[in-house]
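Take the position in the sequence shown, starting the count at 1, then add 72; the result is the number in this note's numbering.
Below: one structure, written as structure tokens.
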Amino acid sequence: MKKYALLTILSAFIIILFNSCGGGGEFSAASISVSESSISAEVEGVEKKITVEASESWTAVSSEKSWLSASPASGNAGTTEVKIKVKPYANEDDDSDRSGSITFSAGEATASIKVKQSWSLSFTLPCSEYIIGHAGGEIKICGLPDRGFTISVPVTAQPWLRTRGNVLDVAYNENELGRSATLTIIDSNSGITYQVLLIQLGSNGEANILPLNTFKIDGYDCPSDSFTEKPDFMYSVDDDATTTSKTAKVEFKGNGVQWITIGDDTKKVYSGDTYTFPEMTPNTTIKIHTHSSTTTLTGESELIITSLPIVKIFTKGAIQNDPKVDCTIQLFDPKARTDDGDNKNLVLFESQAGIEYRGAGALRYPKKPYNFKLKTDTGAKRAAELLNIRNDNSWILDAMFLDVAHMRTRVCFDIWNQFNKPYYVDEKPKAMSGTRGHYVEVFINGEYMGIFILSDRIDRKQYQIEQNGGYIYKAKGWSQACQMKSCGTPSNNDYYWDEAEIEQEYPDADDGQAPNFNHMASFIDFVSKTSKSEFSAKFAERIDENSVIDTFIFLNLILGYDNAGRNTFWIFRNVNESKKVMHGLWDLDGVLGRDWNRVATSATVGWYYGNNPTPSGTNYFKLFKRIIDGDVEGLQQKIYNRWVELKDKQLAPTEFNKLVDYYAEKQISSGARDREIARWRELETLDAATGTDGWIHYSGNYGDVEWEVNYMKSWYRDRHKKLNSLLETFNGK
Numbered sequence: 073m074k075k076y077a078l079l080t081i082l083s084a085f086i087i088i089l090f091n092s093c094g095g096g097g098e099f100s101a102a103s104i105s106v107s108e109s110s111i112s113a114e115v116e117g118v119e120k121k122i123t124v125e126a127s128e129s130w131t132a133v134s135s136e137k138s139w140l141s142a143s144p145a146s147g148n149a150g151t152t153e154v155k156i157k158v159k160p161y162a163n164e165d166d167d168s169d170r171s172g173s174i175t176f177s178a179g180e181a182t183a184s185i186k187v188k189q190s191w192s193l194s195f196t197l198p199c200s201e202y203i204i205g206h207a208g209g210e211i212k213i214c215g216l217p218d219r220g221f222t223i224s225v226p227v228t229a230q231p232w233l234r235t236r237g238n239v240l241d242v243a244y245n246e247n248e249l250g251r252s253a254t255l256t257i258i259d260s261n262s263g264i265t266y267q268v269l270l271i272q273l274g275s276n277g278e279a280n281i282l283p284l285n286t287f288k289i290d291g292y293d294c295p296s297d298s299f300t301e302k303p304d305f306m307y308s309v310d311d312d313a314t315t316t317s318k319t320a321k322v323e324f325k326g327n328g329v330q331w332i333t334i335g336d337d338t339k340k341v342y343s344g345d346t347y348t349f350p351e352m353t354p355n356t357t358i359k360i361h362t363h364s365s366t367t368t369l370t371g372e373s374e375l376i377i378t379s380l381p382i383v384k385i386f387t388k389g390a391i392q393n394d395p396k397v398d399c400t401i402q403l404f405d406p407k408a409r410t411d412d413g414d415n416k417n418l419v420l421f422e423s424q425a426g427i428e429y430r431g432a433g434a435l436r437y438p439k440k441p442y443n444f445k446l447k448t449d450t451g452a453k454r455a456a457e458l459l460n461i462r463n464d465n466s467w468i469l470d471a472m473f474l475d476v477a478h479m480r481t482r483v484c485f486d487i488w489n490q491f492n493k494p495y496y497v498d499e500k501p502k503a504m505s506g507t508r509g510h511y512v513e514v515f516i517n518g519e520y521m522g523i524f525i526l527s528d529r530i531d532r533k534q535y536q537i538e539q540n541g542g543y544i545y546k547a548k549g550w551s552q553a554c555q556m557k558s559c560g561t562p563s564n565n566d567y568y569w570d571e572a573e574i575e576q577e578y579p580d581a582d583d584g585q586a587p588n589f590n591h592m593a594s595f596i597d598f599v600s601k602t603s604k605s606e607f608s609a610k611f612a613e614r615i616d617e618n619s620v621i622d623t624f625i626f627l628n629l630i631l632g633y634d635n636a637g638r639n640t641f642w643i644f645r646n647v648n649e650s651k652k653v654m655h656g657l658w659d660l661d662g663v664l665g666r667d668w669n670r671v672a673t674s675a676t677v678g679w680y681y682g683n684n685p686t687p688s689g690t691n692y693f694k695l696f697k698r699i700i701d702g703d704v705e706g707l708q709q710k711i712y713n714r715w716v717e718l719k720d721k722q723l724a725p726t727e728f729n730k731l732v733d734y735y736a737e738k739q740i741s742s743g744a745r746d747r748e749i750a751r752w753r754e755l756e757t758l759d760a761a762t763g764t765d766g767w768i769h770y771s772g773n774y775g776d777v778e779w780e781v782n783y784m785k786s787w788y789r790d791r792h793k794k795l796n797s798l799l800e801t802f803n804g805k
């Protein structure tokens with residue numbers, strides 16, 4: 073500020089000095105003014121003349137060129153008459169007023185005219201037909217002079233259609249069938265006669281009587297599901313709150329709706345009123361009755377109460393596998409668990425983002441998972457701590473479509489996080505080897521998409537590995553390399569090693585580093601090619617023992633046949649200091665008694681060799697096979713000792729039962745389980761019968777969470793017992 077003030081004083085001093093010294097003539101600043109500072113227009117538009125006074129040549133620029141203009145748009149010094157034109161408001165999809173401005177500039181001087189145009193139902197002559205909804209309302213006829221016209225309505229239509237100047241008053245249609253009338257409109261000034269067929273839609277059943285278009289509670293625009301015919305809205309409440317009543321400002325909008333009544337209460341509530349809901353309990357529906365003085369009939373909408381956070385996403389294009397499309401995202405959480413920089417404990421979080429589909433096999437199915445990255449309005453990277461998970465910009469919406477319990481991945485990672493930590497956790501206390509997440513209900517472009525898990529990702533930040541020297545590789549197939557049997561020499565020309573079906577997750581192109589699969593290839597060679605003595609001698613140097621011991625125990629316990637080789641992370645903390653690698657987990661939905669296509673699996677099989685319950689054939693994970701074969705001196709005893717530490721604590725069946733009961737209760741008490749079934753059951757049944765690209769999944773027990781939870785508990789108890797007997801054979805070795 074001081075700098076600009078000094079420059080201003082200096083400029084003024086130079087001007088004064090120049091004039092006082094006879095510096096070749098007089099100096100004068102440019103000036104411009106307009107005769108009007110604001111213009112108001114109705115829906116039919118307006119043309120208005122104004123004058124521009126300028127000391128030199130000038131130009132005019134409109135902020136809204138599609139409907140607002142000035143003619144001429146430029147002129148010379150002096151007085152100029154300019155016509156401001158506001159075009160008719162023809163966009164019937166938008167029911168809000170619009171505003172703009174025209175700025176006149178002469179040199180550095182500017183003057184502006186602010187323009188506001190009101191919206192209303194309307195059509196512009198000539199017009200052959202116009203359709204209005206059953207709720208009726210006022211229709212303004214544009215294109216007529218101020219005076220000198222007549223509008224004739226057939227006698228049969230006069231009970232429900234009347235005229236007021238150039239406005240049609242259309243009454244509410246109480247019938248299911250539509251109705252119509254041919255209007256005769258005569259412009260006496262021009263002699264032109266117009267005929268317009270006015271069509272009013274029928275009520276088409278009770279659900280469409282006086283429907284609400286929007287419903288807000290304390291400014292939150294409750295999402296409505298366009299997938300269903302009935303106008304329903306969703307609102308989330310804190311299931312830990314001490315009271316179920318809520319006093320809030322209520323706002324709403326609907327064609328023909330003048331006031332509402334809520335539940336059994338007959339009190340008239342107008343938009344903008346404060347209302348006390350006596351009870352807002354999760355998994356309940358509050359009836360919203362809509363009213364209009366034009367009819368004795370009432371409409372009905374529903375307010376669905378959940379206890380899960382609500383995610384609303386509006387995209388600027390169709391979501392695809394790659395690249396991300398721009399979108400806006402809202403997260404509404406009544407528990408206020410989100411922090412956005414200095415803004416703490418937010419109930420409503422909003423951001424720009426980019427979104428895309430996530431995964432490979434999951435994309436075969438009707439309900440798809442998503443990945444989104446937060447960004448600022450200018451496109452820069454943005455981070456926020458959503459639902460107290462972590463501060464980050466990259467997030468996952470896990471669809472859990474193939475998991476009929478809608479919890480397996482979450483239950484497994486919750487257990488995993490309780491007992492497994494990266495080996496350097498004392499140095500990096502925020503380091504974690506598993507994801508965290510919470511249930512949410514998701515709407516995309518106004519369509520209810522069901523229940524998802526909003527979670528963080530397995531990435532550099534999760535493991536707290538070094539930015540310079542840290543690597544994360546993701547095994548994505550059943551290649552020989554993924555199963556640790558052999559690999560060729562990587563070309564390092566892309567972030568996906570096609571032959572090996574392995575992706576370099578970190579660093580990638582966004583991190584500004586080149587692909588380098590040499591570290592992964594070296595590790596595969598170590599597992600696949602070394603002799604028993606060399607493998608045993610260098611095992612602790614090349615592999616984090618704690619990581620492999622824990623994954624060996626855990627995958628043998630949950631039997632993730634889709635998670636040894638494929639769906640596996642390999643993490644190097646810093647290759648500049650150590651070649652030691654950690655074994656990471658990923659996508660644990662085909663576990664705990666179900667495989668990747670929901671088919672039940674036995675809890676009493678023997679060792680977990682990978683994709684096959686036996687080491688026969690080619691589908692086995694060589695790292696685990698070498699452990700089972702005893703190729704590392706003393707490792708089996710260490711595995712047994714670790715099992716003894718965990719089996720009656722973090723891995724105890726009682727602890728498992730608590731977790732699955734918790735997630736089942738969250739689904740059922742919120743009502744989300746039933747909404748999920750209603751949304752996806754038909755498509756799920758069709759997809760299970762016909763398959764997608766030849767892939768068919770088992771469809772039994774879909775949506776029966778209680779049955780599935782009991783099955784998981786029983787299966788886990790039996791597997792726990794079986795694994796205990798298997799691991800006892802490691803004792804003394």
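From the three backbone atoms N, C-alpha and C, an ideal C-beta is built for every residue, glycine too.
With distances taken between CB atoms, is the gap from alanine 243 to glycine 208 smaller than 8 Å?
yes
When the Cα atoms are used, what is the spatial distance from lysine 738 to histidine 510?
10 Å
One question on the structure: do methionine 784 and glycine 665 come within less than 8 Å of each other, judged by their Cβ atoms?
yes
Determine the burial state of asparagine 796: buried for a count of at least 16 other Cβ atoms within 10 Å of its Cβ, exposed for fewer.
exposed
Based on DSSP bridge pairs, tell me the residues matched to methionine 654.
Ile643
Does the stretch 650-658 come close enough to the stretch 605-625 to have 3 or more Cβ pairs within less than 8 Å?
By the Cβ rule, the stretch 650-658 counts as touching the stretch 605-625, because three or more pairs are nearer than 8 Å.
Rounded C-alpha distance that separates proline 406 from alanine 425:
22 Å
From the DSSP output, in three-state form, read off serine 134 for me.
strand
In or out: tyrosine 215 buried (at least 16 other Cβ within 10 Å) or exposed?
First, the residue type needs correcting, since residue 215 is glycine and not tyrosine in the sequence shown. So glycine 215 counts as buried.
With distances taken between CB atoms, is the gap from asparagine 628 to leucine 660 smaller than 8 Å?
Their beta carbons are not under 8 Å apart, which means asparagine 628 does not touch leucine 660 by this criterion.
Thinking C-alpha only, which one of Arg236, Pro226, Gly237, Asp297 is nearest glutamine 267?
Pro226
When Ala572, Asn285, Asp394 are compared against glutamate 374, the one with the closest alpha-carbon
Asn285
Own chain residues within Cβ distance below 7 Å of tyrosine 735, not counting five before or after:
Met479, Arg482, Val483
Measuring straight from C-alpha to C-alpha, what distance separates isoleucine 391 and glutamate 428?
6 Å
Taking CB distances under 8 Å as the criterion, tell me whether threonine 286 reaches chain C.
As a matter of chain content, chain C is missing from the structure shown, which is built from one protein chain.
Does DSSP put glutamine 330 in a helix, a strand or coil?
coil
Give me the Cβ distance between isoleucine 700 and leucine 707, rounded to the nearest whole Å; I'm assuming they're in contact under 8 Å.
Wrong, their Cβ atoms sit about 10 Å apart, outside the cutoff.
Between the alpha carbons of proline 217 and glutamine 189, how many angstroms are there, rounded?
About 19 Å.
Whole-number beta carbon distance between tryptophan 191 and serine 168, since they are thought to touch under 8 Å:
Contact holds; Cβ gap of about 6 Å.
Glycine 560 classed as buried or exposed, judged by whether at least 16 other C-beta atoms fall within 10 angstroms:
Burial call: exposed.
In whole angstroms, give me the CA-to-CA distance for glutamate 499 and glutamine 534.
14 Å
Since asparagine 489 contacts glycine 506 with CB under 8 Å, what's their CB separation in whole angstroms?
4 Å
Mind checking which residues open and close the alpha helix (DSSP H) that includes tryptophan 779?
777-800
Under 6 Å Cβ to Cβ from tyrosine 712, same chain only, skipping five residues before and after it: list those, please.
Answer for tyrosine 712: Leu799, Phe802, Asn803, listed in chain order.
Residues in its own chain within less than 8 Å of arginine 614 by CB, not counting five upstream and five downstream?
Phe595, Phe598, Lys651, Lys652, Val653
Whole angstroms are fine: how far does the CA of serine 105 sit from the CA of alanine 183?
Straight-line Cα distance between these residues: approximately 6 Å.
Below 8 Å on the Cβ atoms is my guess for lysine 359 versus glycine 326; work out the distance and round it to an integer in Å.
Rounded, the Cβ-Cβ distance is 15 Å, inconsistent with contact.
Provide the residue span of the alpha helix (DSSP H) that contains glutamine 490, from first to last.
Unbroken alpha helix (DSSP H) run through glutamine 490: 480-491.
Distance, Cα to Cα, glycine 662 vs lysine 710?
28 Å
Can you tell me whether tryptophan 550 is helix, strand or coil according to DSSP?
coil
Cβ shell of asparagine 588 (< 6 Å), same chain only, five flanking positions each side left out:
Asn564
Which one or two residues does DSSP pair with tyrosine 342 in a beta bridge?
Paired residue(s): none; tyrosine 342 is not in a bridge.
Where glutamine 552 and proline 441 are concerned, what is the direct C-alpha to C-alpha distance, given to the nearest angstrom?
28 Å
Does the distance from the CB of threonine 421 to the CB of aspartate 412 come in under 8 Å?
The question names threonine, yet the displayed sequence has phenylalanine at residue 421. Result yes, Cβ atoms of phenylalanine 421 and aspartate 412 sit closer than 8 Å.
Where tryptophan 787 falls, given that 16 or more other Cβ within 10 Å makes a residue buried:
buried
Which complete beta strand (DSSP E) runs does the stretch 509-546 hold, if anything under 3 residues is left out?
509-516, 519-527
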